[in-house]
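Have a look at the structure below before the remarks.
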Amino acid sequence: MQVSESTPSTSTTVMACSSAGTSYPFGAMVDAENYFLKNEVNSLKTELLHLKQSFSFKKIEGNSHLVTVYTGLPTKDIFLTLFSLFENMKLNYFMGWQVVSVPKIDQLLLTLMKLKLNLLNADLALRFNISRETVANIFKTWLFALHEILFVQLMKNSPSRFKNKCCMPNSFSSFTNCRMIIDCTEVCTIQSKNMEKQRITYSSYKHRNTLKGLIGVAPNGVVVFASKLYPGSLSDKKITEHCDVLQRLVPGDLILADKGFLISDLLPQGVSLNVPPFLNTPQFSREQVIRTKTIAKARIHVERAINRIKQYLILRMIPSTLIPHASVVFQTCAALTNLQFPLIKEVESLYD
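The sequence shown begins at 62 in our numbering and counts up one residue at a time.
Laid out in structure tokens, this is it:
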């Protein structure tokens, strides 16, 4: 009978013990570790792809022209200074849930882009790789945050005429006690389905439905007052009466306005009004022509300031979803113009 000799196997099976005492092959543990590492790598790749595809401040910070195009602010440094006011602030998100998928600095960028370019939420959602609901949450949250800091807190008081004299331009040499120049402006809005709202917002001047607000500018070109928005059918006098601009004035102050502001009977005691003369004769006298030109040269400050405010394209046609917050949008845009280069240089260059 043939007997075969059995040779013992030299291979070794390595076992790993779990904390519960159960043994697992070492190879299984390696496979599991590889699985989790691959998942982590894939997650990081997805995150990197998101960063590459998403619009961000980093993509434009090196180009001042692009910073201005997208935000309305003249430089990267001014944008960063504005952001520093909110960097450590706890935001109360409008929809009740916090946004963590977009860095705070890019949330500010998104908000300024909406104000400056009036981009659709769907457009911003695509650019920032987020949902339209997240866009709406970010925008409304930051809109109210910007309004609170730049408008409510920084514009709650108007500079006195004594402070104005410290930086009074040459065009105000005949109006040294001028406190502010005022004018009204209109912004277009969606026609309401409500007939009464259609009626009161219809502007006979613009021949369409508008909202109307009053802007006050200091002699140095800084916007110092912005009213809430009123129905476009209201007169300049009615808006002046109902907003609190006159309550900011003290005896000795002078305000400049257009001839449509028939508000002499509304002025506080000791406050004076200077408007261009009315043509009651076939033509102006020489003195009236000089006075008209002098006032016009000073009033151009408020016209230029309003033009700057209107560069925020959201005011060209306020979206229906923002009608309840239209005044906040208007006042925030007005406040943001004060972060631009001084208006006085722009105006004085017209007369060089």
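Idealized CB from N, CA, C, for every residue including glycine. Since the model is a prediction, treat every value here as computed from it, not as a measurement.
Just how far apart, CA to CA, sit residue i and residue j?
| i | j | result |
| --- | --- | --- |
| residue 387 | residue 332 | 31 angstroms |
| residue 413 | residue 232 | Annotation note: pLDDT 47 at residue 413 (below 50); position unreliable, coordinate value reported separately. For residue 413 and residue 232, the distance between alpha carbons rounds to 12 angstroms. |
| residue 326 | residue 241 | 18 angstroms |
| residue 205 | residue 153 | 10 angstroms |
| residue 145 | residue 169 | 11 angstroms |
| residue 303 | residue 237 | 27 angstroms |
| residue 101 | residue 203 | 33 angstroms |
| residue 91 | residue 124 | 49 angstroms |
| residue 371 | residue 295 | 20 angstroms |
| residue 335 | residue 191 | 52 angstroms |
| residue 301 | residue 292 | 13 angstroms |
| residue 18 | residue 121 | In the structure as shown, the chain begins at 62 and stops at 413. Residue 18 is therefore absent and cannot be evaluated. |
| residue 62 | residue 93 | Low per-residue confidence applies at residue 62: pLDDT is 46, beneath 50, and the placement is therefore not dependable, though the value from the model is reported in the following sentence. Each residue's alpha carbon lies about 50 angstroms from the other. |
| residue 261 | residue 162 | 42 angstroms |
| residue 230 | residue 243 | 17 angstroms |
| residue 227 | residue 282 | 13 angstroms |
| residue 359 | residue 404 | 13 angstroms |
| residue 89 | residue 96 | 10 angstroms |
| residue 217 | residue 257 | 33 angstroms |
| residue 382 | residue 98 | 45 angstroms |
| residue 247 | residue 210 | 24 angstroms |
| residue 223 | residue 171 | 39 angstroms |
| residue 174 | residue 127 | 11 angstroms |
| residue 373 | residue 284 | 15 angstroms |
| residue 165 | residue 137 | 16 angstroms |
| residue 235 | residue 320 | 18 angstroms |
| residue 253 | residue 147 | 36 angstroms |
| residue 259 | residue 150 | 40 angstroms |
| residue 385 | residue 369 | 23 angstroms |
| residue 389 | residue 288 | 10 angstroms |
For residue i, name the three-state secondary structure that DSSP assigns.
| i | result |
| --- | --- |
| residue 273 | strand |
| residue 317 | strand |
| residue 145 | helix |
| residue 68 | Here the model assigns residue 68 a pLDDT of 47, short of 50, so the residue's position is not dependable, and the following value carries that caveat. If DSSP states are grouped into helix, strand and coil, residue 68 belongs with coil. |
| residue 412 | At residue 412 the pLDDT is 44, less than 50, meaning the model places this residue with poor confidence; the figure from the coordinates comes in the next sentence. Residue state, collapsed to three classes: helix. |
| residue 336 | coil |
| residue 379 | strand |
| residue 306 | coil |
| residue 285 | strand |
| residue 6 | Residue 6 cannot be examined here, being either before or after the span of the chain that is shown, 62 to 413. |
| residue 291 | strand |
| residue 363 | helix |
| residue 278 | strand |
| residue 137 | helix |
| residue 91 | helix |
| residue 325 | helix |
| residue 21 | The requested residue 21 does not occur in the structure, where the chain is confined to residues 62 to 413. |
| residue 122 | coil |
| residue 159 | coil |
| residue 252 | coil |
Are the CB atoms of residue j and residue i within a distance shorter than 7 angstroms?
| i | j | result |
| --- | --- | --- |
| residue 200 | residue 116 | no |
| residue 176 | residue 375 | yes |
| residue 179 | residue 193 | no |
| residue 286 | residue 311 | no |
| residue 167 | residue 212 | no |
| residue 129 | residue 135 | yes |
| residue 195 | residue 160 | yes |
| residue 323 | residue 299 | no |
| residue 271 | residue 265 | no |
| residue 267 | residue 245 | no |
| residue 393 | residue 207 | yes |
| residue 156 | residue 225 | no |
| residue 221 | residue 309 | no |
| residue 391 | residue 328 | no |
| residue 239 | residue 378 | no |
| residue 356 | residue 380 | no |
Starting from residue i, trace the alpha helix (DSSP H) in both directions and tell me its first and last residue.
| i | result |
| --- | --- |
| residue 393 | 387-397 |
| residue 167 | 165-178 |
| residue 300 | 297-303 |
| residue 125 | 125-132 |
| residue 207 | 193-207 |
| residue 223 | 222-225 |
Would you please verify whether the beta carbon of residue i is less than 7 angstroms from any beta carbon of chain B?
| i | result |
| --- | --- |
| residue 199 | The structure shown has no chain B; it contains just one protein chain. |
Starting from residue i, trace the beta strand (DSSP E) both ways and give me its first and last residue.
| i | result |
| --- | --- |
| residue 189 | Here residue 189 belongs to no beta strand (DSSP E); instead the alpha helix (DSSP H) covers 182-189. |
| residue 242 | 239-249 |
- Report yes or no: do the stretch 391-406 and the stretch 307-319 share at least 3 C-beta pairs separated by less than 8 angstroms? As far as the Cβ criterion goes, the stretch 391-406 does not touch the stretch 307-319, which means the pair count is below three.
- For the stretch 277-284 against the stretch 353-363, are there 3 or more C-beta pairs whose distance is under 8 angstroms? The answer is yes - the stretch 353-363 touches the stretch 277-284, with three or more Cβ pairs under 8 angstroms.
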